[in-house]
Structure formats: C-alpha cells, structure tokens
C-alpha cells in the first residue's frame, strides 16, 4: 500500500511543475500607479489588464485662453472649485457645437487646479466597462479625480452605456467623494434619436412601447447633474478668438487687423467658425509670418499630495 503522504507530496510536485509552465503564459500583474509621476493619467489595456499610464506632457492652455464662452466657463469652474474644496458637486456633461472649447475646458481646469490636488483620468469609450475598476482603484485617495470621457456617444444597441449609468447613479453602493465624471459629446442625449420615436401612438418597428425606449435613452444623460451647452460662434466672436491666439503667438495689433480677411476666408473654406478653426488659422498665420510665441515655455506642474478636505471625510449615501 502506497503511503498517502508520499502520494500527496508527489501530487504537489506535479502541481508546482504545472504552475511553472503556465506562469509565463499568464498576463503580467497590473502595475501600481505612480501617483507622484503626473497629474493626468490615461487608462490603458495590455493583455486584458488595465492600468493607469501617466501623462507627463500636458497642453499649456489656461482658462483665460478660452474666449467668448464665459458663461459655460464660469459654471464648470464653480462646480470644479466646489469639488476641490470637498463640497457637493455634480457630474458634468458638455454638449454642443464642435470645436467650441468643450475638451479644452477640461485641460484648462486641470492646469488651474492641479496644484490643489486635482487629477484627471482619461478613459476611452471602449473602456467604459472598466469604470468600476478605475473607481475602486482611486477610492479613498487624498487627491480629487475627474474621470474624463471625450466625444462620448453611443450607437443604437450599444450596451456599454449601461456601465456608465451604473457608475453615475445606478449602483447600490454610494459613489466615492473624490471622484466625478466629466464627459463631452456632440449629442445632447448621447444616443441617436429618430423622428419616429416621437410618434408614440404609432407602431415603431417591433417596439411595443416606444415611449419606454425613449426614456431609456434619456435616462443616461439625466444622470449628469450639470448640463453645459455650447453654441456656434458668430463672426465677431470668431475674430476675437483669432486675435487672442495671434497675440499669444507674438503678432502685433496691426498684424491682427491685417489677418482678419484671411481668417474669414479660412473659416469659409472649413465651413465652420469654431474656436478650433480660429486656433488652427492663428498657428498657420504665425508660422508663415515667423511670429514667435510670447509665452514662456510651460513648466511641468509639480504634483503634491494634498490633504483631503474635512468635508470630504464625511461620506454620504446620497448620489452626486
């Protein structure tokens, strides 16, 4: 009769040999974020594992650079200031005209509030299902995190929006006090809408209750507490933005006046008088006329570990 202890020892040896063969095939462990390396991070996936990649080169845009959107700028700045101070604040959805400064506002807010503990994590739409993992990773840290989703929209039948709904306001657990979600989109309700959906008394495809399908779509955008809308610029606003960027590139007032006609033609060719088009024209004009930027080179923001505000220590079960 074979000694059972010898059988067990032999079995354990075989198991250990098997694990040695399998271990090289397993995905590497997710690296621990280096919170001191940067004030902005990007969620990346490798071998099925997600991790936060530090972003060390940030655009130098400031809130003062964003012209003719003063009302929108004031609303999101106030919300972010409340968040940094540990006061109640809302998730934000920025919607409207393309190139009007929606994404630039988030970058400018980071430059404004990073010294006070603000951190931004950029998450692509394809990784929205990882939002619970990201939130769990940063829960309890002293920094204040904005999860940023740029150009957010969903096609009909796209199930990823449900993961976003859960993180915003759909889980039985209360969201962390140090996390907000800011998203930009060209669609007010983030999902396509159809004329037929307004005809609830008529048959719409195979949907028996089309009104409920509409409620499902609208329920996602309604989970953002603050909506900020952006509108196309008129000609005067567009020229003001052109003038601002030309001056930032070192052009004098006489050059700004001389560039107006070309700036209007540039916008006509592009079919848009947006802030993005104005910035692109200013870069082209300044480059062709050899203007040098007046701004000093942007220094890297020093990351400090802030103390969590006293108000933030009090966790609340109410949703943001």
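Residue numbers (our numbering): 4 to 323.
All C-beta atoms in this analysis are idealised placements derived from N, C-alpha and C, irrespective of residue type, glycine included.
Bear in mind the structure is a predicted one, so any value in this text is a computation, not a measurement.
A residue is called buried when at least 16 other Cβ atoms come within 10 angstroms of its Cβ; residue 16 does not meet this threshold and is exposed. At a Cβ-Cβ threshold of 9 Å, residue 188 and residue 154 count as neighbours.
The Cβ atoms of residue 78 and residue 231 lie closer than 9 Å to each other. Assigned with DSSP and collapsed to three states, residue 107 falls in helix. DSSP places residue 241 inside the alpha helix (DSSP H), whose first and last residues are 238-251. The DSSP-derived three-state label of residue 43 is strand. No residue range can be given for residue 118, since it is assigned to no alpha helix (DSSP H) and is classified by DSSP as neither H nor E. The beta carbon of residue 237 is closer than 8 Å to those of 276 in its chain, skipping five residues each way along the sequence.
Of the other Cβ atoms in all chains shown, fewer than 16 fall within 10 Å of the Cβ of residue 19; this residue is therefore exposed. Counting the other Cβ atoms within 10 Å of the Cβ of residue 90 gives fewer than 16, which makes it exposed. Note that the C-beta distance between residue 95 and residue 185 is below 9 Å. Between residue 64 and residue 105, the C-beta spacing is not below 9 Å. Taking C-alpha positions only, residue 251 is separated from residue 118 by approximately 24 Å. Of the candidates 181, 122, 288, 93, 93 places its Cα closest to the Cα of residue 226.
Around the CB of residue 125, 16 or more other CB atoms lie within 10 Å, so the residue is classed as buried. Per DSSP, the unbroken beta strand (DSSP E) holding residue 57 starts and ends at 52-57.
In the three-state scheme derived from DSSP, where H, G and I count as helix and E and B as strand, residue 99 is classed as strand.
A straight-line Cα-Cα distance of about 21 Å links residue 40 and residue 136. The continuous alpha helix (DSSP H) containing residue 282 extends over residues 278-291.
It is roughly 22 Å from the alpha-carbon of residue 82 to the alpha-carbon of residue 62. Just so you know, the alpha carbons of residue 271 and residue 57 end up roughly 39 Å apart. Taking all protein chains in view, the Cβ of residue 291 is surrounded by fewer than 16 other Cβ atoms within 10 Å, so the residue is classified as exposed.
DSSP places residue 187 in the uninterrupted beta strand (DSSP E) bounded by 182-188. Under the criterion of beta carbons closer than 8 Å, residue 102 and residue 278 qualify as touching, at roughly 6 Å. For residue 253, the closest C-alpha among the options 228, 242, 265, 285 is that of 285. Residue state for residue 72 is assigned as coil, using DSSP reduced to three classes. The three-state reading of DSSP puts residue 146 in coil, since its state is none of H, G, I, E or B. Residue 87 places its beta carbon 9 Å or farther from that of residue 45.
According to DSSP, residue 48 shares a beta bridge with 53. One thing to note: residue 143 has its Cβ within 9 Å of the Cβ of residue 179. Around residue 130, the same chain offers 46, 48, 53 as residues with beta carbons nearer than 8 Å, after the five sequence neighbours per side are excluded. Here the alpha carbons of residue 167 and residue 287 stand approximately 39 Å from one another. The three-state reading of DSSP puts residue 155 in coil, since its state is none of H, G, I, E or B.
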